[in-house]
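Below: one structure, written as structure tokens.
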Amino acid sequence: MTDHLAYLVLGLGNGAVYAAIGLALVMTFKSSGVVNFATGAVALYTAYTYALLRTGELMVPIPGLPRTVDLGGPLGVAPAMALSLAIAALLGLIFYALIFRPLRDAPVIAKAVASIGLMIVLQALIALRVGTEIVAVEPIFALDSIAIGARQAPTDRIWLAATIIAIALVATLVFRFSRFGIATEAAAESEKGAYLTGLSPDRIAFSNWALSSVVAGLGGILIAPIVALNPVAYSMFIVPALAATLVGNFRSIWLTVVAGIVIGALQAETTNLQATFDWFPRAGAAEAIPLLLILVFLVFKGRPLPDRGSIVRQRLGHAPRPERILAPAIVAVAIAVVALLVTGGSYRAAIVSSIIFAVIALSQVVVTGYTGQVSLAQLTLAGVGAYSISVLNTHLGIPFPFAPLIGALFAMVIGIVIGLPALRVRGLPLTVVTLALAVFLEAFWFRNPQLNGGVAGAPVDSPRLFGIDLGIGAGEGYPRLSFALMCLAVLVAAALGVAWLRRSRLGTDMLAVRANERSAAASGIDVPRTKLAAFAIGAFLAGLAGSLMAYQQTLATPEPFTVFLGITLFAIMYIAGITSITGAVLAGIIAPGGLLFLLVDRFLHIGDYYAVISGILLIVTIMVNPDGIAGKLPRIPWPPRRKTSLDGTADTREVEPVATQVPTSKTGAPLLSVQNLDVKYGAVHAVSGVSFEVRAGEIVGLIGPNGAGKTTVIDAVTGFAPATGAVLLDGKDVSDLRPYRLSRRGLGRSFQDVELYDDLSVVENVTVGAARGHESAAVAVSERVRTVLDTVGLGDVADAEVSTLSQGRRQLVSVARVLVSSPKVALLDEPAAGLDSSESRWLGDRLRAARDAGTSILLVDHDMELVLTICDRVVVLDLGRVIACGTPEEVRADEAVISAYLGLPPDPAAPGHDAIPESAAAPTHDPQEALS
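full-length UniProt numbering applies: residue 1 is where the sequence shown begins, and numbers increase by one.
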């Protein structure tokens with residue numbers, strides 16, 4: 001028992017640093033919404049600054065200047081620490097002013113990616129200025145020890161942990177009781193509210209960035225005598241620190257600090273267990289601790305779909321639909337073949353590396369560019385493919401080409417495992433998970449001599465097909481042309497496959513999930529399956545690329561697949577254009593070791609600064625050009641093909657009905673029956689005992705004051721909110737079905753805040769809904785999309801991106817996306833929001849046409865003229881309960897409705913008072929004029 005306690009004490013040092021970095025992460029997130037992946041690099045820079053000051057030198061980070069400045073003599077502990085922390089504070093101010101203040105309105109994930117670029121820059125600069133050799137630092141705390149049973153535990157770890165806990169206590173008191181802390185919390189909750197109360201969010205953010213950099217730097221300085229300075233190790237401190245911060249939900253200082261210390265202590269205990277038990281893994285156990293903590297956190301905190309108001313919006317750039325790909329593919333292949341034929345030696349080797357990296361980039365396009373899941377583990381998955389073929393070749397005797405295919409399939413299995421957390425989380429937490437998994441796989445598998453050759457490498461047989469040697473060769477013939485052409489063939493097949501994917505229904509589903517998961521589920525898309533499909537396809541492509549890398553090097557070693565190199569490659573992909581095939585090819589060309597890298601190193605002699613340049617370009621790309629370099633390339637005017645009816649050209653055919661169902665009598669059995677619906681959020685009873693019916697061929701209005709629970713009712717009926725009670729569709733209980741299954745059963749819905757796929761065109765938005773309509777087999781999808789767009793007056797903007805449309809037209813796109821699937825019942829949440837009175841009346845005509853064609857409608861809207869004009873019945877809610885139900889005339893005169901809307905008790909002396917004014921007669925109007 002005392003052995004375990006001694007090792008737990010040993011781990012307090014690392015745990016305290018994780019806690020300090022986690023505390024710094026919380027401070028920056030509270031003030032500016034930035035999860036700063038560069039916090040560990042800031043700690044590293046500060047620690048190196050302190051170490052050099054103790055020897056009498058000041059590090060100069062600017063390339064081209066002397067690496068250090070001689071101060072004439074070493075500084076003591078206190079002045080060296082004070083100056084180092086002052087530099088750390090200055091760095092925090094500079095980073096916020098130059099990078100994160102301009103990005104203050106950007107999505108959280110965009111800020112995080114920019115911080116990844118900053119981490120790359122800082123780590124590369126430190127490696128350039130001081131090298132990668134281990135630097136020893138003199139102790140700061142006294143080197144005493146205490147007896148724990150038969151063991152001796154050093155006290156410096158205890159003092160370090162106590163110091164960080166004291167800082168956390170001070171930070172907690174400051175944030176909770178001081179004016180500065182309260183102002184920080186207020187600015188985090190509402191920037192506009194802070195301005196209105198006379199606070200300056202910018203000043204608050206500047207202060208917190210300086211303080212957080214000081215805290216991170218202090219942690220780096222205090223741990224430096226315990227853990228020798230090393231650029232890569234310190235930067236990777238961010239992984240357990242992020243795990244601790246996730247436990248604290250990026251808000252709680254104490255939960256973060258405690259979690260960080262516990263992670264460090266448990267990591268030390270794994271060392272004890274390795275020495276005690278033969279069965280305990282000899283590698284990767286320490287890296288598994290933060291990963292397991294993250295996964296446990298996600299089990300309890302994650303949700304399959306985001307709640308209303310918590311949509312993760314991210315601008316990753318436009319993902320163009322590949323058209324007329326045959327001619328560009330032939331030209332590109334011809335250029336590549338000529339380049340391989342006319343080059344040799346290092347130039348051909350660089351082209352081969354570019355080809356292989358392009359395949360890895362294609363995997364990132366599928367996972368991140370198409371599906372929006374920011375994964376930092378794609379290069380690690382390539383390593384899985386590389387090590388797999390070593391086992392398949394050497395131990396199982398499986399030849400080429402079966403070995404790389406099986407290796408890619410194994411990588412696909414690992415990719416699905418990596419993608420499993422995406423079923424419950426999205427955005428930044430998922431990025432942290434993929435990073436933690438990459439760190440774990442590198443330690444547990446790639447560097448584990450028990451599983452393979454470890455650092456020495458695992459041998460790989462040369463590929464042979466029908467007796468032809470396709471290996472890379474050696475000597476003067478290196479690299480052999482046959483190997484280069486084999487790599488090119490894999491790239492062409494992968495690129496054509498990704499192009500087909502983008503044009504397929506699955507590709508459109510991926511883009512819909514990327515844009516808005518709630519809306520995708522409402523359109524009938526199985527969001528979890530789509531995410532897993534993206535991870536599986538991406539991992540398969542990465543596994544193929546890893547096999548090629550193993551054949552290129554003739555053995556699998558961990559160095560080409562390190563986590564930091566994977567992060568650098570992600571930066572390159574983002575710069576080139578992470579959403580397109582062209583961007584993937586460019587990423588291969590400019591990747592480290594690729595063709596551009598060779599040319600820059602040979603002729604400009606700046607290869608050593610390639611990582612620094614990559615990090616800076618990543619930050620610039622996030623700030624000014626999310627589409628990457630590929631998005632700015634001029635389009636080649638290939639010969640046009642014959643256009644379809646969805647390309648915006650005029651169509652002289654008459655508009656057909658939106659649906660093809662035969663209208664049913666309004667007096668028949670109810671299509672939708674809601675019985676005793678209850679929704680609770682904690683102690684709040686949002687909806688209580690709500691019951692109503694929607695019959696075939698009927699439009700039912702659902703109205704009530706703001707906060708009455710109308711949208712909550714729709715969320716509960718369509719599976720987006722947990723509820724009790726029963727929901728029957730066409731006589732069958734569908735209460736327990738997921739949203740996408742309800743949509744496929746014929747229950748369509750729109751959203752109060754529209755929730756379109758802003759990265760897709762109008763026609764692509766509507767096609768997502770059409771592809772799963774229960775009549776999709778009866779009428780061609782393209783024909784039904786054309787019909788509904790013409791019906792709602794959007795045929796002239798079919799190819800426009802919805803992000804460019806006015807609010808009124810965005811509402812019409814939302815309605816069209818529901819109606820195109822010909823649902824049995826359409827639940828429309830404020831479809832007339834943003835429309836003027838004439839447009840609203842015109843929309844009413846369209847909704848009546850849809851009803852007459854067979855789609856029943858439940859309509860929620862604050863436009864009383866629209867509701868009372870087109871609805872057959874109206875249900876009124878107030879405070880989550882039904883207070884009235886009847887015809888529009890009955891509801892208009894209902895005393896309970898008068899009380900709810902006017903906030904007055906019923907007045908029996910005035911029975912004739914209308915709760916809702918009489919609607920004016922609707923004048924005749926031109927639909928196109930209404931939409932202009």
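Note that beta-carbon positions come from the ideal geometry of N, C-alpha and C, so glycine has one too. Every value quoted in this text rests on a predicted model; they were computed, and no experiment measured them.
Selected residue, minimal CA-CA separation from V498, among V527, G689 and E323: E323
Beta-carbon proximity of T39 to A283, cut-off 9 Å: no
Reference S822, options G524, I629, H605 and G628, closest by Cα: G524
Cβ-based neighbour list, N393, same chain, cut-off 7 Å, excluding 5 preceding and 5 following: A403, V460 and D461
Cα-Cα separation, D794 to V694: A quick correction: the sequence has Leu, not Asp, at residue 794. If you take the alpha carbons of L794 and V694, they lie about 29 Å apart.
C-beta atoms of A205 and F100 nearer than 9 Å: yes
Alpha-carbon spacing of R873 relative to S673, whole angstroms: 14 Å
Candidates V17, V762 and L5, of which the one nearest I167 by Cα: V17
C-alpha distance - L25 paired with P66, whole-angstrom precision: 32 Å
DSSP-derived helix/strand/coil call for T711: helix
Reference K111, options A124, P449, P626 and A187, closest by Cα: P626
A80 to A88 span [Cα, whole Å]: 12 Å
Assigned exposure category for A275 - 16 Cβ within 10 Å defines buried: exposed
Local Cβ density within 10 Å of H318, reported as buried at 16 or more and exposed below that: buried
Nearest-angstrom Cβ-Cβ length linking G566 and L423, presumed shorter than 8 Å: Wrong, their Cβ atoms sit about 23 Å apart, outside the cutoff.
Where the alpha helix (DSSP H) containing E783 begins and where it ends: V781 to T791
Under 9 Å between C-beta atoms of I699 and K710: no
Reduced DSSP secondary structure (H/G/I, E/B, other) of R54: coil
Coarse secondary structure for R653, derived from DSSP in three states: Any reading at R653 must be qualified, since the residue scores a pLDDT of 35, below 50, and its modelled position is unreliable; the value itself is stated next. Coil, per DSSP.
Local conformation of R738 per DSSP, three classes: coil
G220 and L44 closer than 9 Å at C-beta: yes
At least three beta-carbon pairs within less than 8 Å, the segment 590 to 609 to the segment 381 to 392: no
Cα-Cα separation between A186 and S207, rounded to whole angstroms: 15 Å
Minimum C-alpha distance to A408 - residue among F466, A550 and V425: A550
Reduced DSSP secondary structure (H/G/I, E/B, other) of K824: coil
Minimum C-alpha distance to T887 - residue among K531, V867 and A669: V867
R101 - DSSP class collapsed to helix/strand/coil: coil
Contained alpha helix (DSSP H) runs [length at least 4] in the segment 346 to 434, N- to C-terminal order: 378 to 394 and 402 to 419
For S84, the nearest candidate out of V69, Y48 and A97 (CA to CA): Y48
Extent of the continuous alpha helix (DSSP H) run through Y681: Unbroken run through Y681 is the beta strand (DSSP E), P670 to Y681; no alpha helix (DSSP H).
Segment contact, 8 Å Cβ cut-off, at least three pairs: the segment 503 to 511 with the segment 764 to 771: yes
Whole-angstrom C-beta distance between V612 and V42, which should lie under 8 Å: About 16 Å; that fails the 8 Å criterion.
Residue range of the alpha helix (DSSP H) that includes C885: From DSSP, C885 is part of no alpha helix (DSSP H) but of the beta strand (DSSP E) over R881 to G886.
At least three beta-carbon pairs within less than 8 Å, the segment 734 to 754 to the segment 531 to 546: no
Terminal residues of the beta strand (DSSP E) in which S614 lies: Where S614 is concerned, there is no enclosing beta strand (DSSP E), although the alpha helix (DSSP H) it sits in stretches over Y610 to V624.
Contact belief for L298 with P421 at Cβ below 8 Å, rounded distance in angstroms: 5 Å
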